[in-house]
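Residues in the sequence shown are numbered from 156 upward in steps of one, following my numbering.
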Amino acid sequence: QKLSMGKEEARCQLSGLAERAPFFQPLWIFGMTFIVLDSVGDFFFIGLAPQSLLTPLGALSLGFNAILAPIFHSEVVTTNVVAATAIIYCGTVVTLVF
């Protein structure tokens, strides 16, 4: 959604048009669709796997955010972010193995 809002702001500055509400922005709708589908999938898969397996896997989303943020939003990844992500991944692996 952040990418959609940024593109919408740039579009409005270049063209002088008024900003559209988020639910009229195609990219925002695309992102929101995936968020809703992810939530429905979580609801479904919680019934299929033990909670002790699913909870640590949920922590991996923090790592995915750290990887994707620089690609989509030109955010800077600091050494602290890399170290924290590595600790999260190591903790997840340890939790799942044992």
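For each residue, glycine too, the CB sits at the ideal point set by N, CA and C.
Setting aside the 5 residues that flank it on each side, I201 is surrounded in the same chain by L209, each with a C-beta closer than 7 Å to its C-beta; the list follows chain order.
Going by DSSP, R166 is part of the alpha helix (DSSP H) stretching over K157 to S170. The shortest CA-to-CA distance from G171 to any of F198, I190 and E163 is the one to E163. Proximity of the stretch 176 to 188 to the stretch 217 to 230 falls short of the contact definition, fewer than three beta-carbon pairs being nearer than 8 Å.
If one requires a minimum length of 4 residues, the alpha helix (DSSP H) runs lying completely within the stretch 167 to 213 are 181 to 201 and 206 to 213, in chain order. Sorting F227, T234 and A241 by C-alpha distance to the C-alpha of K157 places F227 at the top. Here the alpha carbon of T250 sits roughly 37 Å from the alpha carbon of M160.
A distance below 8 Å between beta-carbons, with the five flanking residues on each side excluded, links C167 to the following residues of its chain, in chain order: A173 and E174.
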